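This report refers to the structure that appears directly beneath it.
In UniProt numbering, the protein residues as written are 1 to 702.
Here is the structure:
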């Protein structure tokens, strides 16, 4: 590789590590804010005390020291520490490349597992796959989703049952779908339509006739300044009998239908730009459903697929556009109700489900829903027409043996490693196939998982770079693979090819057989020694972990003649296995080398695309981080204000003697019923003056 290739690889690795760290930070902050949001809401309802909120905020934002023992166990230089580190490298490689393990774990935890354990697994699984920040990890994550879909199919009896269930892998898929590519697609698709709805103050999509009827009364009273002659408290049927209400409802239904049409057209026309990942999920779900229910009509299956594509992916960005970077402004409750009305219509269309008696006043739109749902079903079918992941990513199960320049690396905290280790131990019998299962063997080699307090189980420590390695590298795996070649022979083929790549940089000839049989000259040994020094020098200049990710070919201490002899011995084994033949001068190996050289150009293009994507991701993550920081500051300001109020409440002046408030307070004190935050007595007249009461039935406002 050229120096530019080398520098780009380093830059890509640096940015990827930065993106993973930022994702983890944002997820942690988001969890904290959700917890504080709930506690503040409970505080406002007097369900908990201010002290409990303050305690929670201090717990979340305190500085948590890294676990000294955890780091020592992974960073030590003694034999036991090295073996433990290698064990975790093998464990996480096995989890990455053998999707049934995690698929079974997700299914096992779906029912009955504590929410804390589910959260840990969801977070760690995304970490194991590097949040799909490069093609390899995205490919492997999609293979996990495929295995999880197959696992879910085993436990359902009908397509409708899948719709009613809430598979754990769907939550992971939702997180995956919030990446840079997915957010950009949703922003480009939805931003114009969402802005139109939010920025039109006159747009009203209310479809409840009673709400419309009462709003008409309020409009009339506001316009005339006198009380309306119409009765305020009526049934929905009576409201619908009102001519003005019925006319307004029809107008709203027309607007709702027109907006739904615009969304459907936009969604259909954006299909070529939809990210591959969501289309792959739809494809695998459709195929799994048709295999499980061959007697089921495809139209019914496509309703399930449409639900996945619309309800799980597009719908959240419509009802909460600010959370998906579709818009940058806050959404008011009234605006969100309008978005929710459109989202409800789109959901009915995507499912091909007509409005029933629960949505009686939307039933006039049923003909439109039936017609449009047929169009959406054709769209859902088109969504699934994508190539397999192997073809799209140009990868297969042996990709790590093909890649000669890097080792897979994930960034994970020791707390996450140990937490997942413990969860795997607890559920081991549900995950493995038998006594000789590789996962069982790796866990036996690792020994018991270290104990962590619950407060440390959700990955709050700093992460380490964990380079992954195969437990079976260089060994024959059980079972046969394509062409009858074992994984061990496949690995030997790729190792031999890497040796050939070095050999042909020193020697050339009319055929590979001619090169391999040619004697080595002193000049060639010198050239090889210089090449070896250059390789060693380049590694030495690269900081960890990137250095460890460079060439796995160790040239130290081997001569050029020794390299050729080793390669010839390997080629003899490959010939015995029927993978290459001397009769055509090892043309199979030559073809593989030529393919690698061609792929180098493709890798350069792919790497530059990855650099562009990761930079966009970092920008989006930075914006998300700033938004979360603003929220955090607002929460902290609120808590500080409450604390100030708490400290001054004892200094408040008592009620003036002989006033209504004075006697009200005395009465409560006698009964021992003084509320913590005080009690105030008002007359209906005073509340009417303040605008709290609009009117009292049977009494004049005067």
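Virtual Cβ for every residue (Gly too), placed ideally from N, Cα, C. Treat the numbers as computed from the prediction; the structure is a model and nothing was measured.
With fewer than 16 other beta carbons inside 10 angstroms of its own, residue 243 counts as exposed. Under the three-state reduction of DSSP output, residue 586 falls in the coil class, being neither helix nor strand. Under the Cβ criterion (8 Å, minimum of three pairs), the region 243-253 does not count as touching the region 175-184. Taking a C-beta distance under 9 Å as the contact criterion, residue 361 and residue 209 qualify as a contact pair.
Note that the C-beta distance between residue 524 and residue 507 is below 9 Å. Distance from the CA of residue 427 to the CA of residue 113, rounded to the nearest whole angstrom, comes to 11 Å. Bridge partners of residue 466 according to DSSP: 410. Judged by DSSP in its simplified three-state form, residue 113 adopts coil rather than helix or strand.
For residue 208, there is no enclosing alpha helix (DSSP H), as DSSP marks it with neither H nor E. With a cut-off of 8 Å on Cβ pairs, the region 122-133 is not in contact with the region 433-445, counting fewer than three such pairs. Secondary structure of residue 682 (DSSP, three-state): coil. Pairing residue 225 with residue 21, the inter-Cα distance amounts to about 60 Å. Shown here for residue 518: same chain residues with a beta carbon closer than 7 Å to its own, the five before and five after excluded, namely 507, 509 in chain order. With distances taken between CA atoms, residue 393 lies nearest to 143 out of 285, 211, 35, 143.
Sorting 514, 199, 500, 609 by C-alpha distance to the C-alpha of residue 566 places 500 at the top.
Taking the CA atoms as reference points, residue 451 sits about 29 Å from residue 19. For residue 333, the uninterrupted alpha helix (DSSP H) run begins and ends at 333-351, by DSSP. Nearest Cα to residue 137 within the set 343, 176, 104: 176. Per DSSP, the unbroken alpha helix (DSSP H) holding residue 257 starts and ends at 243-269. When secondary structure is reduced to three states using DSSP, residue 237 falls in the helix class. Inter-segment contact for the region 593-600 and the region 150-160 is absent: fewer than three beta-carbon pairs are separated by less than 8 Å.
For residue 408 against residue 93, the beta-carbon gap comes to about 7 Å, under 8 Å, which counts as contact. In the three-state scheme derived from DSSP, where H, G and I count as helix and E and B as strand, residue 507 is classed as coil. Cβ-Cβ distances below 7 Å link residue 660 to 681 in the same chain, with the five nearest sequence neighbours on each side left out; the list follows chain order.
Contact between residue 83 and residue 193 does not hold, since the beta-carbon distance rounds to 57 Å and is not under 8 Å. Residue 449 sits close to residue 418, with the two beta carbons spaced by under 9 Å.
Residues of the same chain with a CB within less than 7 Å of the CB of residue 690, apart from the 5 flanking positions on each side, do not exist.
Contiguous alpha helix (DSSP H) elements confined to the region 151-178 occur at 159-164, 168-176, taking only those with 4 or more residues. Contact between the region 304-321 and the region 330-341 is present, with at least three C-beta pairs closer than 8 Å.
Taking the C-beta atoms as reference points, residue 216 is found no nearer than 9 Å to residue 341. Of all C-beta pairs linking the region 302-316 to the region 607-617, fewer than three are shorter than 8 Å, placing the two stretches out of contact. Taking the Cβ atoms as the reference, residue 573 lies roughly 6 Å from residue 492, within the contact range of under 8 Å.
Closest in C-alpha terms to residue 16, from the list 352, 109, 129, comes 129. Ranked by Cα distance from residue 95, the options 498, 589, 431 are led by 431. Counting along the chain, residue 386 sits inside no alpha helix (DSSP H), nor does DSSP assign it H or E at all. Between the alpha carbons of residue 26 and residue 628 lies a gap of roughly 8 Å.
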